[in-house]
Amino acid sequence: MSVEKSDIEKIAVLARIRIDEGEIPEVVNRLNDILSMVDKMQAVDTSAVEPMANPLDASQRLRGDQVSEINRRESFQAIAPSVDEGFYLVPKVIE
Amino acid sequence: MHSKSLTELQRGLATGEFSSRELTQHYLDRIQHLDSHYNSFITVTAEQAIAQAVAADQRLQQGPQQALCGIPIAHKDIFCTEDVKTSCGSRMLDNFIPPYNATVVEKFNSAGAVTLGKTNMDEFAMGSSNESSFYGAVKNPWNTDCVPGGSSGGSAAAVAAQLAPATTGTDTGGSIRQPAALCGITGLKPTYGRVSRYGMIAFASSLDQGGPMTRSAEDAALMLNVMAGFDPRDSTSLDRSVPDYSATLGDSIEGLKIGLPKEFFGEGLDPKIAQIVADAVAELESQGATVKDISLPNTELAVPCYYIIAPSEASANLSRFDGVRYGYRCEDPLDLFDMYTRTRQEGFGEEVKRRILVGSYALSAGFYDAYYKKAQQIRRLIKNDFVAAFEQVDVILGPTVPNPAFALGEKNNDPVAMYLEDIYTISTNLAGLPGISVPAGFAAGKPAGLQLIGNYFSEQKLLNIAHRFQQGTDWHLQRPPLPGHSITEFGA
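Encoded structure:
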């Protein structure tokens with residue numbers, strides 16, 4: 000499988016990464032290099048193989064629904080680009 | 000003082016031969032005078048280090064302390080350090096001052112270790128050369144025209160150049176073992192789940208694992224004694240007891256069954272490195288080990304499998320960098336979409352963006368089964384190869400990397416060529432197994448590494464074999480030339 004310009008434009012939106020028009024051909028080439036390398040996998044019959052998400056096939060550990068951390072809103076907000084009265088500020092979404 | 004092992008430093012501190020403050024100042028001076036040649040540190044925390052050293056000296060005066068009390072180390076800049084910049088090698092986090100410590104950092108602090116600073120790395124740990132760092136490439140202390148390997152290149156170079164006696168690293172596809180091999184030091188990637196990932200900035204969560212980077216296996220055991228253990232804050236941490244990794248270092252390896260996978264000795268391996276590995280095997284045989292040829296038939300699928308799994312997980316993990324809560328935000332965003340997309344365009348470097356795009360593609364509607372699910376199935380086949388191998392042998396041995404350190408810039412424009420350098424290390428991460436790289440010789444005047452891969456939770460055994468190897472050889476005791484001097488005595 001390979002990608003072309005329109006695929007890259009779509010993926011860039013999904014990934015929320017701006018790519019300047021002039022850079023797209025280079026990105027297309029690089030991604031196709033990688034995709035042609037990984038395509039080696041397609042030749043292997045894996046129809047009977049269970050996908051493996053965790054190397055030890057462990058499942059996510061759950062904990063009791065109890066408060067275990069203290070509220071550190073001020074120290075978390077101190078490193079944010081823009082805050083006001085405890086809120087994180089972003090460009091206006093609703094006019 | 001900078002030529003002493005951790006055990007020797009521990010003894011020197013305990014007997015009062017030198018104080019932690021003197022030792023720490025000595026290393027800070029070395030960093031100040033020498034690191035301009037290597038660029039192995041992003042941040043040096045001199046003031047904090049002296050304060051920690053003074054506190055350690057007080058503890059040491061009260062009697063015997065934990066092994067690393069008063070000993071200076073450095074952390075890869077991927078481990079969050081409270082009130083100290085943690086950049087992950089990225090412009091995105093150039094202004095990030097974490098409000099908390101990673102569990103690994105917390106453990107070293109509690110043991111009384113001193114933090115000299117934060118070491119350079121490939122951006123978000125994505126790279127095999129340390130050239131993708133926002134802070135510039137690290138230079139290999141053995142040859143400053145060459146890469147130190149990556150992604151833990153700064154941690155490896157700092158130990159090799161004796162700017163720190165030991166450092167921490169992380170390994171997602173070889174990022175501890177490969178730079179350890181290229182810089183002539185010892186690097187251990189533990190079993191997945193052995194060392195807490197809490198506060199370790201995530202790249203590929205099902206592969207990432209922290210570990211020690213040191214001069215010797217003996218030092219690595221002391222470091223792992225501090226690092227390993229269950230952490231309720233890491234949902235994939237394993238609740239298993241931690242043995243004393245130092246206690247069994249000297250055990251006999253008589254009767255040890257070593258497997259040599261034929262796939263690790265094929266095309267692409269530098270013949271000189273093949274010879275170095277053969278010499279290492281002979282050393283272990285002389286100590287009573289036996290050798291068996293084995294096969295890991297799906298080895299050639301490891302790099303393709305990894306370059307779907309790792310970018311896919313990375314694309315999910317790195318979605319958190321949105322310019323809202325911390326880190327970089329672009330200037331004057333037009334609207335929310337412009338803020339997200341331009342923040343990420345400007346904040347991430349080329350390799351990171353490339354991997355996020357690959358991951359986004361592999362996970363997108365219509366392609367998930369062909370790429371991500373397929374890679375997860377191949378991953379099981381790779382794991383099964385190892386399971387079958389460990390029914391026949393105790394440990395698997397081979398080269399860590401196919402070639403010695405390449406020149407800075409050499410593979411920068413060919414990502415796939417760079418990816419293939421990790422062919423011997425990647426399958427270990429996919430399977431979740433522990434692996435260690437130890438210095439085993441020189442090819443073209445540059446260090447070459449020997450890799451040992453063990454079964455799950457066999458770190459003790461790996462350190463034992465590596466230590467026995469280092470008892471019979473002195474490759475780990477070789478030091479790079481002073482900056483500006485060339486090396487001739489280990490010529491090709």
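Taken in sequence, the protein lines are chains H and R. Anchor point for the first sequence: position 88 equals 87 in numbering that gives the first Met the number 0, and the numbering is continuous, going up by one each time. Anchor point for the second sequence: position 113 equals 112 in numbering that gives the first Met the number 0, and the numbering is continuous, going up by one each time. Virtual Cβ for every residue (Gly too), placed ideally from N, Cα, C. This one's a predicted model, so the numbers in the text were calculated from it and none came from an experiment.
- R:405 is the residue among R:405, R:231, R:81, R:59 whose C-alpha sits nearest the C-alpha of residue 445 of chain R.
- Judged by pairs of C-beta atoms under 8 Å, the stretch 6 to 20 of chain H does not touch the stretch 283 to 293 of chain R, as fewer than three such pairs exist.
- The criterion of a C-beta distance shorter than 8 Å is satisfied by residue 75 of chain R and residue 168 of chain R.
- Under DSSP, residue 209 of chain R takes part in a beta bridge, and its partners are R:169.
- Within the stretch 146 to 197 of chain R, the complete alpha helix (DSSP H) segments at least 4 residues long are 152 to 159, 176 to 182, listed from N- to C-terminus.
- C-alpha of residue 310 of chain R to C-alpha of residue 13 of chain H: approximately 14 Å in a straight line.
- For residue 450 of chain R, the enclosing beta strand (DSSP E) covers residues 445 to 453.
- Those residues of the stretch 414 to 430 of chain R placed with their C-beta closer than 9 Å to a C-beta in chain H are 414, 415, 418, 419, 428, 429, 430, ordered along the chain.
- Residues of the stretch 356 to 372 of chain R that bring their beta carbon within less than 9 Å of a beta carbon in chain H comprise 356, 357, 358, 359, 360, 361, 362, 363, 366, 369, 370, 371, 372, in sequence order.
- At a cut-off of 8 Å between beta-carbon atoms, residue 53 of chain H makes contact with chain R.
- At least one CB atom of chain R sits nearer than 8 Å to the CB of residue 74 of chain H.
- Taking a C-beta distance under 8 Å as the contact criterion, residue 27 of chain R and residue 19 of chain R do not qualify as a contact pair.
- Burial is judged here by how many other beta carbons sit within 10 angstroms of a residue's own beta carbon; residue 86 of chain H has fewer than 16 and is exposed.
- For residue 215 of chain R, there is no enclosing alpha helix (DSSP H), as DSSP marks it with neither H nor E.
- DSSP places residue 471 of chain R within a helical segment (H, G or I) once states are collapsed to three.
- Shown in chain order are the members of the stretch 82 to 114 of chain R whose Cβ falls below 9 Å from a Cβ of chain H: 94, 95, 96, 97, 98, 99.
- Cβ proximity to chain H below 9 Å picks out 297, 299, 300, 302, 303, 304 from the stretch 287 to 304 of chain R.
- Note that the stretch 360 to 376 of chain R does not touch the stretch 86 to 105 of chain R; fewer than 3 beta-carbon pairs, one per stretch, sit closer than 8 Å.
- Taking 8 Å as the upper bound on Cβ-Cβ separation, chain R lies near residues 53, 54, 55, 57, 59, 60, 62 of the stretch 53 to 70 of chain H.
- In the three-state reduction of the DSSP assignment, residue 442 of chain R falls in the strand class.
- The three-state secondary structure of residue 106 of chain R, taken from DSSP, is helix.
- Counting C-beta pairs closer than 8 Å gives three or more between the stretch 133 to 150 of chain R and the stretch 445 to 462 of chain R, which meets the contact rule.
- Secondary structure within the stretch 271 to 329 of chain R: the alpha helix (DSSP H) runs of 4 or more consecutive residues, fully enclosed, are 301 to 316 (chain order).
- When Cβ-Cβ separations below 8 Å define contact, residue 27 of chain H makes no contact with chain R.
- Annotation: the stretch 0 to 39 of chain H contains the following complete segments of the alpha helix (DSSP H) (minimum length 4 residues), in chain order: 4 to 14, 23 to 37.
- Under the 8 Å criterion on CB atoms, residue 24 of chain H is classed as non-interfacial with respect to chain R.
- Following the DSSP letters along the chain, one finds residue 113 of chain R inside the beta strand (DSSP E) bounded by residues 113 to 118.
- About 6 Å separates the beta carbon of residue 67 of chain R from that of residue 225 of chain R, a gap short enough to meet the 8 Å contact definition.
- Neighbours of residue 93 of chain H in chain R, taken as residues whose beta carbon is under 7 Å from its own, are absent, since the nearest beta carbon is some 10 Å off.
- Residue-level contact by beta carbon fails for residue 167 of chain R and chain H, as no gap is shorter than 8 Å.
- Assigned with DSSP and collapsed to three states, residue 71 of chain R falls in strand.
- Contact between residue 137 of chain R and residue 297 of chain R does not hold, since their C-beta atoms are separated by about 33 Å, which reaches or exceeds 8 Å.
- For residue 323 of chain R, at least one C-beta of chain H is nearer than 8 Å to its own C-beta.
- A contact between stretches requires three or more CB pairs, one per stretch, nearer than 8 Å, and the stretch 385 to 396 of chain R meets this requirement with the stretch 290 to 309 of chain R.
- For residue 10 of chain H, the closest of R:402, R:352, R:459 by C-alpha to C-alpha distance is R:352.
- Between residue 303 of chain R and residue 32 of chain H the beta-carbon gap is near 12 Å, outside 8 Å, which marks them as no contact.
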